[in-house]
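Worksheet for the structure shown next.
Number of protein chains: 2
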Amino acid sequence: MNTAPETHQITPSRIMETATAFFASKTLLSAVNLGIFTALSGKSLSGKEIQNALKLHDRGVYDFLDALVALGFLNREGLLDTASYSNATDTELFLDKNKPSYIGGFVEMANDRLYPFWGSLEEALLTGKPQNEIKHTGRSMFEELYAKPERLKQFIDAMSGISLGNFMALTRKFDFSPYSTLCDVGGAAGILSVEVARQYPHMSCTSADLPAVEPIAKEYIATKGMNGRVKTANVDFFTDEFPKADVITMGMILHDWDLPNKKMLIQKAYNALPEGGAFIAIEALIDDDRRKNAFGLLMSLNMLIEFGVAFDFTGADFERWTKEVGFSRVEVITLAGPSSAAIAYK
Amino acid sequence: MNTAPETHQITPSRIMETATAFFASKTLLSAVNLGIFTALSGKSLSGKEIQNALKLHDRGVYDFLDALVALGFLNREGLLDTASYSNATDTELFLDKNKPSYIGGFVEMANDRLYPFWGSLEEALLTGKPQNEIKHTGRSMFEELYAKPERLKQFIDAMSGISLGNFMALTRKFDFSPYSTLCDVGGAAGILSVEVARQYPHMSCTSADLPAVEPIAKEYIATKGMNGRVKTANVDFFTDEFPKADVITMGMILHDWDLPNKKMLIQKAYNALPEGGAFIAIEALIDDDRRKNAFGLLMSLNMLIEFGVAFDFTGADFERWTKEVGFSRVEVITLAGPSSAAIAYK
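From first to last, the protein sequence lines stand for chains P and H.
If you're matching positions, the first sequence starts at 0 in numbering that gives the first Met the number 0 and goes up one per residue.
If you're matching positions, the second sequence starts at 0 in numbering that gives the first Met the number 0 and goes up one per residue.
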């Protein structure tokens with residue numbers, strides 16, 4: 000083969016790793032769905048004990064568990080019949096269903112919805128059409144969610160799971176001291192409002208979302224003992240103006256919509272703020288040069304799969320759109336992992 | 000939340016990265032399937048030119064291409080409307096369909112077969128049953144392949160793609176000088192025989208496989224100009240003994256079978272070798288402690304999904320099985336990426 004000398008230097012390793020990366024994804028997603036990390040909460044179990052607890056077939060037990068060891072999600076002492084498995088530090092904290100720090104809601108949704116929908120990425124690229132429930136029901140993703148309380152709960156848990164780290168980072172990195180009131184538009188379970196109210200006792204926070212979401216938010220706020228500090232409000236952001244507040248926040252809201260709706264939401268945020276107020280969008284913001292934040296770009300493809308017309312954006316996009324409606328200044332603060340807060344000051 | 004202080008140190012980043020790693024997989028798999036790297040062979044194109052060539056919808060073009068840039072599979076100069084895209088060094092060499100170094104056969108198979116089948120990993124773990132075509136047709140994977148020439152060709156191309164790097168490494172790392180004859184059992188297109196014959200002009204090599212495979216092997220051998228040097232032989236390794244040879248090789252064959260069949264194949268290799276002969280199995284060998292080679296363990300789960308009873312194994316397993324039938328000594332040589340050659344000397 001006349002390319003042989005060249006292939007000695009250039010290897011297909013990166014291609015093979017990415018081409019098969021779904022093996023590792025699905026192994027982790029299945030482990031969460033089967034409840035392995037919950038079964039191992041605070042203790043060690045043998046392979047046989049895990050097999051019995053999860054009703055696994057003989058064939059795959061040790062390959063499955065040892066793959067999770069090799070991926071760093073389980074610890075292990077001994078080998079095969081003498082092995083004793085336990086959770087890694089992060090899976091113990093974030094993937095035990097009985098801990099408040101559980102983020103497995105997102106993982107469960109990735110398993111049940113995103114993995115199969117991404118199977119049709121090619122069709123999405125060719126047609127520009129969403130590839131989720133809408134293909135079969137004709138209803139939009141949000142219509143689906145609001146029609147099915149258990150789906151809505153799963154979606155909100157998923158969003159809470161992936162957002163908590165960002166909201167905690169935001170309360171450390173953004174100084175809320177100059178402000179008194181905050182309204183989190185599309186607040187879901189109220190996580191952001193609870194985090195800000197906890198870190199800034201002087202702040203009055205409101206989590207605004209559709210009526211179907213309110214019971215979920217009220218329950219979360221009560222569980223956190225923040226009843227007096229965080230309020231809920233019913234807001235349909237297509238038909239209603241936003242409640243007035245010094246700070247308007249939106250966590251992973253803008254990326255769900257096409258450009259006209261993004262601009263409509265930005266305009267309403269502007270209208271609700273006083274001079275000097277801050278509009279904060281928390282997103283997997285794409286870097287301005289669109290070549291570093293792979294996750295942000297892939298999340299934008301995820302928006303194509305979920306909504307068709309929706310898309311993620313850069314800090315430069317956010318600055319252009321917010322300045323168009325009158326905001327004076329924009330800054331970007333990096334948060335957890337690939338996420339950032341884009342902040343526009345009125 | 001009472002775990003808040005702890006979550007400041009421990010982040011869910013690794014969990015989130017692996018949980019969403021299938022985004023990147025499917026993006027690369029779709030790019031290969033759509034022929035992007037072939038369209039970009041040896042040249043640069045604008046986003047619009049790629050869109051037209053591949054008939055992509057407006058919505059996803061730049062997110063898709065820029066995600067491939069961020070993942071390192073495309074290069075880019077300029078941005079959006081002024082962007083010019085070209086292949087990265089590895090995708091130019093390995094993912095251009097018109098190059099003999101194309102390994103996209105495996106990627107195409109991963110896209111068409113493995114990605115959807117891995118959607119049922121949980122069912123495989125609970126039942127021990129394969130999750131591939133057999134679920135719908137009742138025929139085994141190999142019966143399916145041999146019944147459909149285009150599927151067989153795709154499978155053989157896939158195996159060739161992922162094996163070439165290993166076979167090239169083997170001819171560099173293993174000294175074939177003391178031997179005169181080689182028989183590659185389950186030789187598929189004959190890649191291993193061609194590589195060995197090319198590097199060791201004194202060697203007489205035979206690629207042995209089922210009759211349905213022979214035309215594919217003959218064509219490959221002729222294309223490589225190795226007609227006189229590499230022979231083909233029809234061998235059904237369930238019913239036939241192997242042709243006698245100084246070296247018997249098997250590339251990703253043993254992992255396709257359950258333990259009794261693995262041992263049957265090892266016995267037949269032993270029978271076909273002279274004293275001092277070598278039996279070489281090339282596999283994604285799992286490390287003896289089953290905690291380092293994640294890909295080997297995941298490949299074993301892939302065998303569960305393809306065959307149910309089949310599984311990958313460690314060098315220690317290989318040593319135990321080969322010594323049981325009389326081999327005297329075993330060594331392991333690492334090859335490309337996560338693969339190794341396990342060698343048993345008679």
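C-beta atoms are modelled at their ideal positions from N, C-alpha and C, and glycine is treated no differently.
For PRO11 (chain P), the closest Cβ of chain H is nearer than 7 Å. Remark: C-beta atoms of GLY46 (chain P) and LEU70 (chain P) do not approach each other more closely than 7 Å.
Per DSSP, the unbroken alpha helix (DSSP H) holding ARG150 (chain P) starts and ends at 148-172. ASP95 (chain P) does not reach chain H, its nearest Cβ partner there being about 10 Å away, counting only Cβ pairs nearer than 7 Å.
Only LYS54, LEU55, HIS56, ASP57, ARG58, GLY59, ASP62, PHE63, ASP65 from the stretch 48-65 of chain P bring a Cβ to less than 7 Å from some Cβ of chain H. Contact check for ALA341 (chain H) against ALA280 (chain H) passes: the beta carbons are separated by less than 7 Å. Counted as a single uninterrupted DSSP element, the beta strand (DSSP E) harbouring ASP183 (chain P) occupies residues 180-184. In this chain, the alpha helix (DSSP H) harbouring ALA20 (chain H) covers 20-33. At least one beta carbon of chain H lies nearer than 7 Å to the beta carbon of ASP89 (chain P). Apart from sequence neighbours up to five positions away, the residues of its chain that approach LYS152 (chain P) with a beta-carbon distance below 7 Å are ILE215, ordered along the chain. Counting of Cβ neighbours within 10 angstroms places ASN86 (chain P) among the buried residues, the total reaching 16 or more. Contact annotation: the stretch 204-211 of chain P touches the stretch 188-195 of chain P, with at least three C-beta pairs closer than 8 Å.
In this structure, GLY307 (chain P) places its C-beta atom within 7 Å of the C-beta atom of GLY127 (chain P).
Contacts between ALA109 (chain P) and chain H, judged by CB atoms closer than 9 Å, involve ALA18, THR19, PHE21 in chain order. In the DSSP assignment, the residues bridged to ALA232 (chain H) are H:ALA207.
At a cut-off of 7 Å between C-beta atoms, GLU121 (chain H) counts as an interface residue with respect to chain P. Using beta-carbon distances, ILE14 (chain P) counts as an interface residue toward chain H, with a partner under 7 Å.
Counting only residues of its own chain and dropping the five nearest sequence neighbours on each side, ASN97 (chain P) has a CB closer than 7 Å to the CB of THR37, SER40. Every alpha helix (DSSP H) of 4 residues or more that sits fully in the stretch 246-294 of chain H is shown, in chain order, as 258-271. Here the alpha carbon of PRO200 (chain P) sits roughly 15 Å from the alpha carbon of MET167 (chain P).
Sixteen is the threshold: since fewer than 16 other Cβ atoms of the shown chains lie within 10 Å of the Cβ of LYS147 (chain P), the residue is exposed.
Taking a Cβ-Cβ cut-off of 8 Å, the neighbours of ARG75 (chain P) in chain H comprise ARG290, given in sequence order.
Scanning chain H for C-beta atoms nearer than 9 Å to the C-beta of LYS152 (chain P) yields nothing, as the closest lies near 19 Å away. In the structure shown, ALA315 (chain H) adopts helical secondary structure according to DSSP, grouped into three states.
Scanning chain P for C-beta atoms nearer than 9 Å to the C-beta of VAL229 (chain H) yields nothing, as the closest lies near 14 Å away. A straight-line Cα-Cα distance of about 22 Å links ALA23 (chain P) and LEU44 (chain P). Residues of chain P whose Cβ lies closer than 8 Å to the Cβ of ALA293 (chain H) are, in chain order, ALA23, ALA66, ALA69, LEU70. Using a C-beta cut-off of 8 Å, the stretch 107-125 of chain H makes no contact with the stretch 212-228 of chain H, since fewer than three inter-stretch Cβ pairs fall below that distance.
Note that the C-beta distance between LYS345 (chain P) and GLY250 (chain P) is not below 7 Å. Partner residues in the beta bridge of LEU73 (chain H), as assigned by DSSP, are H:ASN86. Collapsing the DSSP output to three states places LEU55 (chain H) in coil. The beta-bridge partner set that DSSP reports for VAL329 (chain H) consists of H:ALA343. Listed along chain H, the residues sitting closer than 7 Å to SER299 (chain P) by beta-carbon distance are ASP62. Among the residues facing chain P, LEU92 (chain H) is included, as its CB has a counterpart in that chain under 7 Å away. Looking at P:PRO337, P:ASN260, P:PHE173, P:ILE14, the one whose alpha-carbon comes closest to that of GLU330 (chain P) is P:PHE173. Residues of chain H whose Cβ lies closer than 8 Å to the Cβ of PHE310 (chain P) are, in chain order, ARG58, ASP62.
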